[in-house]
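A.B. asks: Each number in the numbering used here corresponds to the 1-based position in the sequence shown with 1243 added.
Just so you know, even glycine gets a beta-carbon here, dropped at the ideal spot from N, CA and C.
In this text, all values refer to a predicted model and were calculated from it rather than measured experimentally.
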Amino acid sequence: MKLRELWNNGSEFLATHKRENGRSDARILLMHLLQIDYTQFILRLEQEINLKLTESYERELTNLISGKPLQYILGEQEFMGLMFKVNNNVLIPRGDTEVLVNKTLELTSNFPSLNIVDVGTGSGIIAVTLAKKLPKAKITAIDISAKALKVAELNAQDNKVKNNINFIKGDLLSPLLNNKQQYQIIVSNPPYISTPEMKNLPQHVLNEPHLALEAGYDGLDYYKRLAQSAPLVLCNNGYLIVEIGSSQDKQVKKIFSNNGFIDIELFKDFANLPRVVVGKLKKTL
1244 MKLRELWNNG
1254 SEFLATHKRE
1264 NGRSDARILL
1274 MHLLQIDYTQ
1284 FILRLEQEIN
1294 LKLTESYERE
1304 LTNLISGKPL
1314 QYILGEQEFM
1324 GLMFKVNNNV
1334 LIPRGDTEVL
1344 VNKTLELTSN
1354 FPSLNIVDVG
1364 TGSGIIAVTL
1374 AKKLPKAKIT
1384 AIDISAKALK
1394 VAELNAQDNK
1404 VKNNINFIKG
1414 DLLSPLLNNK
1424 QQYQIIVSNP
1434 PYISTPEMKN
1444 LPQHVLNEPH
1454 LALEAGYDGL
1464 DYYKRLAQSA
1474 PLVLCNNGYL
1484 IVEIGSSQDK
1494 QVKKIFSNNG
1504 FIDIELFKDF
1514 ANLPRVVVGK
1524 LKKTL
């Protein structure tokens, strides 16, 4: 069977199963299996494809309609111009997190030296991207999952910033509470899906680690814990920066305010939805 025919068959199969962007996904799968880029793909449309690759393609199409995320099949995802390994131990990078990273980068100009903590680092997209953009910064990346940390360390190595990041296994900020180091910025994309909302998520999202998604009955558990513990490790005028669910802005701003943060600001994502909350810590003498 020729590549063109295989592509058409895959596109029709995904369309039959109501898969959005089915034709694009079918092409991306074939490019992945053949290890070729888009230009090579177009040039080879009349190439005969062997049975082994055809069977692999059909197997991955079935995985896709069963809810396995395309990024897990490919094993990677791009974020802010960098490539990151992903598997079912980490949340898939999403474009909305660019708002979080860009806002963090803007605030770094307020400090002559930088100690930054990425809480719940997952695949490491925040820590690694910051390390690439801020080569002089000292970055600590924390995650409770050893398997997630392994992925993050691989991504730091692949992007040549492993020596710039200290990876620590632990629950939120708990590994830092007993040292005397103070940090200028704490940044986090924590779990923020409420327990009742979990059952309504699409299957492909439910195939991502629930540890990185679920945040208690109201979806606010991690914001409360971060806001309570952050003042213990932040310097005066340091910042806590978090990604939020699009309906959580008022609650998160209130949580920040109740824990000593001032100048609390909300920033929207590319769809004009609430996405990032920033608070500055003003310590009383």
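DSSP three-state label for residue 1289, please.
C.D. replies: Note: residue 1289 maps to coil in three-state DSSP.
A.B. asks: Three-state secondary structure (DSSP) at residue 1402?
C.D. replies: Note: residue 1402 maps to coil in three-state DSSP.
A.B. asks: Using only alpha-carbon positions, find the residue among 1357, 1440, 1393, 1471 that is nearest to residue 1426.
C.D. replies: Here the closest residue by C-alpha is 1357.
A.B. asks: Is it buried or exposed, residue 1460, if we count other Cβ atoms within 10 angstroms and call 16 or more buried?
C.D. replies: Exposed, since its Cβ has fewer than 16 Cβ neighbours within 10 Å.
A.B. asks: Could you tell me the alpha carbon to alpha carbon distance between residue 1408 and residue 1381, rounded to whole angstroms?
C.D. replies: Each residue's Cα considered, the two are about 7 Å apart.
A.B. asks: How many Å lie between residue 1430 and residue 1465 at the Cα?
C.D. replies: Between residue 1430 and residue 1465, the C-alpha separation is close to 13 Å.
A.B. asks: Which residue from 1277, 1281, 1513 puts its Cα closest to that of residue 1293?
C.D. replies: Nearest of 1277, 1281, 1513 to residue 1293, Cα basis: 1277.
A.B. asks: Would you mind listing the alpha helix (DSSP H) stretches within the region 1285 to 1345 that are 4+ residues and don't spill past its ends, in chain order?
C.D. replies: Runs found: 1294 to 1308, 1313 to 1317.
A.B. asks: Leaving aside the five residues before and after residue 1505 along the sequence, list all residues of the same chain whose C-beta is less than 6 Å from its C-beta, in chain order.
C.D. replies: Excluding residues within five positions, the ones whose Cβ falls inside 6 Å are 1523, 1525.
A.B. asks: Taking only the alpha-carbon atoms, compute the straight-line gap between residue 1411 and residue 1418 and give it to the nearest angstrom.
C.D. replies: So the alpha carbons of these two residues sit roughly 8 Å apart.
A.B. asks: In chain order, what residues of the same chain have a beta carbon less than 6 Å from the beta carbon of residue 1310, not counting five sequence neighbours either side?
C.D. replies: Taken in chain order, the residues that qualify are 1446, 1447, 1450.
A.B. asks: Going by the beta-carbon positions, is the gap between residue 1390 and residue 1480 smaller than 8 Å?
C.D. replies: No, the Cβ-Cβ distance between residue 1390 and residue 1480 is not below 8 Å.
A.B. asks: For residue 1211, name the three-state secondary structure that DSSP assigns.
C.D. replies: With the chain covering only 1244 through 1528, there is no way to say anything about residue 1211.
A.B. asks: At what residue ranges does the region 1458 to 1526 contain a whole run of the alpha helix (DSSP H), taking only runs of 4 or more?
C.D. replies: Taking only runs of at least 4 residues, the alpha helix (DSSP H) segments lying wholly in the region 1458 to 1526 are 1464 to 1472, 1492 to 1501.
A.B. asks: According to DSSP, simplified to helix, strand and coil, what is residue 1442?
C.D. replies: If DSSP states are grouped into helix, strand and coil, residue 1442 belongs with coil.
A.B. asks: Check the C-beta distance from residue 1346 over to residue 1487 and give it rounded, since I have them as a contact under 8 Å.
C.D. replies: With 8 Å as the limit, residue 1346 and residue 1487 do not qualify as a contact, their Cβ atoms being about 12 Å apart.
A.B. asks: Per DSSP, residue 1386 forms a beta bridge with which residues?
C.D. replies: Answer is 1412, bridged to residue 1386.
A.B. asks: Is it right to say residue 1258 is buried, meaning 16 or more other beta carbons lie within 10 angstroms of its own, or is it exposed?
C.D. replies: Exposed.
A.B. asks: If I follow the unbroken alpha helix (DSSP H) through residue 1271, where does it start and stop?
C.D. replies: Start and end: 1265 to 1277.
A.B. asks: Given a threshold of 16 other Cβ atoms within 10 Å of its Cβ, counted over all protein chains shown, does residue 1439 qualify as buried or as exposed?
C.D. replies: Per the 10 Å Cβ criterion, exposed.
A.B. asks: For the structure I just gave you, are there three or more beta carbon pairs, one from the region 1357 to 1366 and one from the region 1384 to 1402, closer than 8 Å?
C.D. replies: Because the criterion of three Cβ pairs below 8 Å is met, the region 1357 to 1366 and the region 1384 to 1402 touch.
A.B. asks: Look at the alpha carbon of residue 1435 and the alpha carbon of residue 1496, and state the distance between them as a whole number of angstroms.
C.D. replies: Cα to Cα, residue 1435 sits roughly 14 Å from residue 1496.
A.B. asks: Assign residue 1425 to one of three DSSP states: helix, strand, or coil.
C.D. replies: Residue state, collapsed to three classes: coil.
A.B. asks: Short check: CB of residue 1396 to CB of residue 1403, under 8 Å?
C.D. replies: Result no, Cβ atoms of residue 1396 and residue 1403 do not sit closer than 8 Å.
A.B. asks: Would you mind stating whether residue 1415 and residue 1337 have Cβ atoms separated by less than 8 Å?
C.D. replies: Not closer than 8 Å, so no.
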